[in-house]
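Enquirer: Have a look at this one.
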Amino acid sequence: MVTIGIAGGTGCGKTTVVNQIIEELPPDEVGILSQDSYYKDLSGMSYEERCQINFDHPSTIDFDLLEAHLKALKSGRPVEQPIYSFSEHNRTGETILTPPRKVMIIEGILIMTQPEIRDLCDIKIFVHADSDERLIRRLKRDITERNRSISEVLDRYQHTLKPMHEQFIEPTKEFADIIIPNNKYNTVAVDIVRTIISEKLTQ
Ligand SMILES: Nc1ncnc2c1ncn2[C@@H]1O[C@H](COP(=O)(O)OP(=O)(O)O)[C@@H](O)[C@H]1O
Ligand SMILES: Nc1ccn([C@@H]2O[C@H](COP(=O)(O)O)[C@@H](O)[C@H]2O)c(=O)n1
Numbered sequence: 001m002v003t004i005g006i007a008g009g010t011g012c013g014k015t016t017v018v019n020q021i022i023e024e025l026p027p028d029e030v031g032i033l034s035q036d037s038y039y040k041d042l043s044g045m046s047y048e049e050r051c052q053i054n055f056d057h058p059s060t061i062d063f064d065l066l067e068a069h070l071k072a073l074k075s076g077r078p079v080e081q082p083i084y085s086f087s088e089h090n091r092t093g094e095t096i097l098t099p100p101r102k103v104m105i106i107e108g109i110l111i112m113t114q115p116e117i118r119d120l121c122d123i124k125i126f127v128h129a130d131s132d133e134r135l136i137r138r139l140k141r142d143i144t145e146r147n148r149s150i151s152e153v154l155d156r157y158q159h160t161l162k163p164m165h166e167q168f169i170e171p172t173k174e175f176a177d178i179i180i181p182n183n184k185y186n187t188v189a190v191d192i193v194r195t196i197i198s199e200k201l202t203q
């Protein structure tokens, strides 16, 4: 199994890069663990309380479960990956069966902050896009796909997302083996990553 960690700030294009990487791989050879699936269960809180949570802080993620799942997959066992609802700010209570695959991708803003997760990744990638570009993409995405208002997105950006990005996410660039510049679609970088994966699979 080849494990690939993909980090980078919100809206940098992690999900897009993941989709481009897996496009040419047979579906039964690739699996994805998304950090978003591992937001801690907040069922003990009201919806209003959940809205106030700083979801860009590492303490909101159940990294122990993510690590356990990654280790299980590496040793050939399937896992039940939780399903997350951005509109509810909570886990749905449902899971999706995620079997081990030849290529496992772990993606999320904060995954490289954890030494245990970094150590489990064979290739570490950081996707970079400028903060103004990321904010524009985030605004468009959260309004169309995550049921958010403009003021909600901007408020979160100013008060939690930007400071957390600077404190926790940007510094993890130094752990990356590859940094993909993604202000524009970067097919060359994606092709290089695909080649590296193919080489690792034949080793
Ligand atoms: N290079 C790019 N140029 C323009 N738009 C992009 C680019 N990469 C991603 N996007 C768009 O930006 C939004 C956020 O991208 P996404 O891949 O979901 O980011 P992330 O997973 O890092 O939050 C999506 O609507 C996506 O289509
Ligand atoms: N209930 C939640 C949980 C997380 N977020 C935001 O998601 C971002 C991470 O996901 P990406 O796909 O953008 O990498 C993160 O910046 C959180 O602010 C949220 O809005 N609501």
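Letter by letter, the sequence shown follows residues 1 to 203 in full-length UniProt numbering. Just so you know, even glycine gets a beta-carbon here, dropped at the ideal spot from N, CA and C.
1. Is Asn-182 near ligand 1 - that is, is its Cβ less than 6 Å away from at least one heavy atom of it?
2. Between Asp-177, Gly-8, Asp-122, His-165, which has its C-alpha nearest Asn-54's C-alpha?
3. What does DSSP give as the partner residues of Ala-7 in its beta bridges?
4. Looking only at C-alpha atoms, which of Tyr-39, Lys-173, Ile-178 sits nearest to Gly-9?
5. Only counting the same chain, and skipping five residues up and downstream in sequence, which positions put a Cβ closer than 8 Å to that of Gln-20?
6. Using only the heavy atoms of ligand 2, determine whether one of them is closer than 6 Å to the beta carbon of Ile-169.
7. Relative to the C-alpha of Glu-67, which candidate in Arg-137, Ser-131, Ile-111 has its C-alpha closest?
8. Does Leu-73 pass the burial test, meaning 16 or more other C-beta atoms within 10 Å, or should it be called exposed?
9. Output needed for Val-153: all residues of its chain with C-beta closer than 8 Å, excluding positions within five of it in sequence on either side, in chain order.
10. Within 10 Å of its beta-carbon, does Cys-121 have 16 or more other beta-carbons around it, so buried, or fewer, so exposed?
11. By DSSP, does Arg-194 sit in helix, in strand, or in coil?
12. Let me know if Lys-184 comes out buried or exposed under the rule of 16 or more other beta-carbons within 10 Å of its beta-carbon.
13. Cα separation between Glu-49 and Glu-133?
14. Which runs of the alpha helix (DSSP H) spanning at least 4 residues fall entirely within the stretch 52-131, listed in chain order?
15. Is Thr-10 near ligand 2, judged by its Cβ being under 6 Å from some heavy atom?
Expert: Based on what the coordinates show:
1. Start at 1 with the first residue of the sequence shown, and residue 182 comes out as number 182. Within the cutoff, so yes.
2. For this step, residue 54 is matched to residue 54 along the sequence shown. Minimum Cα distance to Asn-54 is reached at His-165.
3. Reading the sequence shown from its first residue, position 7 is the one you call residue 7. Ala-7 is bridged to Phe-126.
4. Counting from 1 along the sequence shown, the entry for residue 9 is found at position 9. Comparing Cα-Cα distances from Gly-9 to each of Tyr-39, Lys-173, Ile-178, the minimum goes to Lys-173.
5. The sequence position of residue 20 within the sequence shown is 20, counting from 1. Thr-187, Val-190, listed in sequence order.
6. On the sequence shown, position 169 is the one that residue 169 refers to. No - ligand 2 has no heavy atom lying nearer than 6 Å to the Cβ of Ile-169.
7. To locate residue 67, count along the sequence shown from 1; it is residue 67. The shortest Cα separation from Glu-67 among Arg-137, Ser-131, Ile-111 belongs to Ile-111.
8. Along the sequence shown, read from residue 1 onward, the residue named residue 73 stands at position 73. Its Cβ being crowded by 16 or more others within 10 Å, Leu-73 is buried.
9. Translated into the one-based positions of the sequence shown, residue 153 becomes position 153. Residues of the same chain with a CB within less than 8 Å of the CB of Val-153, apart from the 5 flanking positions on each side, are Arg-138, Leu-139, Asp-142, Ile-143 in chain order.
10. If you number the sequence shown from 1, residue 121 lands on position 121. Classification for Cys-121: buried.
11. The residue given as residue 194 occupies position 194 in the sequence shown. Helix at Arg-194.
12. Working through the sequence shown from its first residue, we reach residue 184 at position 184. Result: exposed.
13. By 1-based counting over the sequence shown, the position of residue 49 is 49. By 1-based counting over the sequence shown, the position of residue 133 is 133. Roughly 30 Å separates the two Cα atoms.
14. Taking 4 residues as the minimum length, the alpha helix (DSSP H) runs contained wholly in the stretch 52-131 are 63-74, 115-119, in order along the chain.
15. Taking the sequence shown and counting its residues from 1, one reaches residue 10 at position 10. Distances taken from the Cβ of Thr-10 to the heavy atoms of ligand 2 include one shorter than 6 Å.
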